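Using the working numbering, the first residue of the sequence shown is number 1194, and each one after it goes up by one. Report on one structure; see the data block that follows.
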Amino acid sequence: AYAQNGMVATSQPLAAQAGVDTLREGGNAFDAAVTTAAVLNVVEPMSTGIGGDAFALYRTADGDVGAFRSCGGAPAAATRSAMRDRVAERSGVDPAAATMPGAGPLSVTVPGTVRGWERLVDDHGARSLAAALDPAIEYAMEGFPVSEVIADMWTAAEALFTERHAREEYLLGGRAPDAGDVMCLPDLGGTLSTIATEGADAFYEGPLADHIATAVRERGGLLSADDLADFEPEYVDPVSTTYRGTEVYELPPNNQGLVALEALNIAEELDAGRHDYNSADRVHYFAEALKRAFHDGHHYVTDPEFEDVPPLGAKSYAAKRATTIGERAGSVSVGGPGTPPEDGDTVLLTVADDEGNVVSFINSVFGHFGSGVVVPETGITLQNRGSSFSLDPDHPNRLEPGKRPFHTLIPGLARFGDDDWAAFGVMGGSMQPQGHLQVLANLLDYDMSLQAAMDAPRWRYREDGSLAVEDRFPEGVLPKLARRGHEVVVRPPSAFGGGQITRLADGVISGATEPRKDGTAAGF
């Protein structure tokens, strides 16, 4: 899609249109990002919500490049011994053998979304938070038709809702909605209305905060009202590298942006992009670069306030790692604590306006409907980011009170030239840095258009050591990969994430979103 005044690309058409309407009404890209994210909280609620975290990379109209992180940490009461005891009590295992639960109340960390929305609009927007939330409130109260991919995701997560209030809010007559069914989320709409009227403090302090904390603790979790009241978002310095002359920006730890940068640097060191696009060589060398980066990232990336993280994004580091790659697949462990299921997903949106603002924004509850804990009478689904911690005292990402977990979420930003910027990203847990690597290589090594770069068949290195591929690769590529030692498995499109990109160059804004999601790129 092409436009001159503004563009929004995201995974659901109603959300994209709400962002475009915000731009038409005088908002800028930051206002549109928050509006779009808020609508996604309603129309794609299994992927995102106000019970989760939010992140942004951006380039402002003044030329500033920045990174924004609104990510909560573990509750103050979440010591490893307390967690082991709670897990043992709930599951009957020996406390010494306990591991972090993948969902449920013990996986809940402090939500960062609402304060993040407010801070981003106050600092960079042209409109109010209340104005940004209006479309989301309308869809929650008056209803919206469910789109196809989202309906499938909703059905897959239906069994999470075991409590009556959660089933009444998020199911339709006791079942997940089908495509085309009209859903209303009145409790969520009421909570969003309260936030619009009273601001983010209504979520983090007072009766609503007490209600959230009580709901978690009554179900066996550790979150307190003080944990919520103490939370503040932060601006951080982005990390970056160059690939084929393009500067690529990512979020620093506790996010996995360094994984994407290391993979790009190793691929450049190997000159992986010299191989024919339709060859097994191309897939092999890019995948091997990614495997090394994953191994390092899953071992080292954690909250930098608790543990030093090596310079994984440095060219010199990549040069050493590239020497370990040969013509056959290497045996490299990439699994980490809390690794999400490959069909898990979240939401990304990209926005650009005619003032020169370019924003890549992510909002997530991690797994489908997060922890599965829905706060009664609020529609708030709380995230399960705590599942990314380890209870191993020697692991860099070990659980500690107040510590932020390893975060998969990485919005992307690229500078192709002085007046040529793109906001981009590919969702899907550990698919994210793999998607960044493949989309950027498609654009920079193979000169694809934005849409072609998003649509192209993908591979994915999995935590079990296999190499997953879509079934659209040219004939002969997959057997050649197998002969190189890769364990090749074919997976459906849902296993390869969902991406968006918006590019502002020479006064023209272009955008693309891919067919693995329900999304659209809309402009005016």
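Just so it is clear, CB atoms sit at the ideal spot from N, CA and C, and this is done for glycine as well. Treat the numbers as computed from the prediction; the structure is a model and nothing was measured.
Check: Residues that DSSP places opposite residue 1338 in a beta bridge; Outcome: 1375
Check: Segment contact flag, the region 1615–1623 with the region 1691–1705, C-beta cutoff 8 angstroms, min 3 pairs; Outcome: yes
Check: Straight-line gap, residue 1513 to residue 1499 (C-alpha atoms, nearest Å); Outcome: 27 angstroms
Check: Residues near residue 1503 by beta carbon distance below 6 angstroms, same chain, minus five either side; Outcome: 1493
Check: Residues bridged to residue 1200 (per DSSP); Outcome: 1545, 1716
Check: Own chain residues within Cβ distance below 8 angstroms of residue 1510, not counting five before or after; Outcome: 1455, 1458, 1503, 1504
Check: Identified DSSP bridge partners for residue 1614; Outcome: 1608, 1697
Check: Alpha helix (DSSP H) runs contained entirely in the region 1288–1370, provided each spans 4 or more residues; Outcome: 1306–1317, 1322–1335, 1341–1349, 1357–1363
Check: 3 or more residues per run - each beta strand (DSSP E) lying fully within the region 1414–1485; Outcome: 1427–1429, 1432–1436, 1439–1443
Check: Straight-line Cα distance separating residue 1318 from residue 1257; Outcome: 15 angstroms
Check: DSSP bridge partner residues for residue 1556 (one or two, in chain order); Outcome: 1247, 1540
Check: Cβ neighbours of residue 1644 in the same chain (closer than 6 angstroms, five flanking residues each side left out); Outcome: 1705
Check: Boundaries of the alpha helix (DSSP H) in which residue 1671 is found, first to last residue; Outcome: 1670–1676
Check: Residue from 1561, 1688, 1496, 1589 whose Cα sits closest to the Cα of residue 1178; Outcome: Residue 1178 lies beyond the range of the chain shown here (1194 to 1717); nothing can be said about it.
Check: Euclidean distance between Cα positions of residue 1422 and residue 1370; Outcome: 35 angstroms
Check: Secondary structure of residue 1514, DSSP reduced to three states; Outcome: helix
Check: Identified DSSP bridge partners for residue 1259; Outcome: 1251
Check: Residue 1360 versus residue 1607 - alpha carbon distance; Outcome: 42 angstroms
Check: Identified DSSP bridge partners for residue 1654; Outcome: 1660
Check: Beta-bridge partners of residue 1600, as assigned by DSSP; Outcome: 1448
Check: Cβ-Cβ separation, residue 1429 to residue 1484 (assumed contact under 8 angstroms), whole Å; Outcome: About 27 angstroms; that fails the 8 angstroms criterion.
Check: DSSP state of residue 1507 mapped onto helix, strand, coil; Outcome: coil
Check: Alpha carbon of residue 1634 to alpha carbon of residue 1475, nearest angstrom; Outcome: 10 angstroms
Check: Beta-carbon proximity list for residue 1652, same chain, < 7 angstroms, skipping 5 on both sides; Outcome: 1476, 1480, 1660, 1661, 1662
Check: Residue-level contact to chain B via CB, residue 1308, 8 angstroms cutoff; Outcome: This model lacks chain B altogether; it includes just one protein chain.
Check: Pick from 1206, 1548, 1679, 1367 that is closest to residue 1255, judged by C-alpha positions; Outcome: 1548
Check: Integer Cβ distance of residue 1412 from residue 1298, believed to fall under 8 angstroms; Outcome: 4 angstroms
Check: Beta-carbon proximity list for residue 1501, same chain, < 6 angstroms, skipping 5 on both sides; Outcome: none
Check: Cβ pair residue 1339, residue 1372 closer than 8 angstroms; Outcome: yes
Check: CA nearest to the CA of residue 1630, picked from 1450, 1469, 1316; Outcome: 1450
Check: Beta-carbon proximity check, residue 1241 vs residue 1581, cutoff 8 angstroms; Outcome: no
Check: Buried/exposed call for residue 1425, threshold 16 Cβ in 10 Å; Outcome: exposed
Check: For residue 1213, the first and last residue of its enclosing alpha helix (DSSP H); Outcome: 1206–1217
Check: Three-state secondary structure (DSSP) of residue 1165; Outcome: No statement about residue 1165 is possible, as the shown extent of the chain runs from 1194 to 1717 and does not include it.
Check: Run of the alpha helix (DSSP H) containing residue 1409, from where it starts to where it stops; Outcome: 1400–1411
Check: Residue closest to residue 1542, alpha-carbon to alpha-carbon, out of 1657, 1572, 1202, 1259; Outcome: 1202
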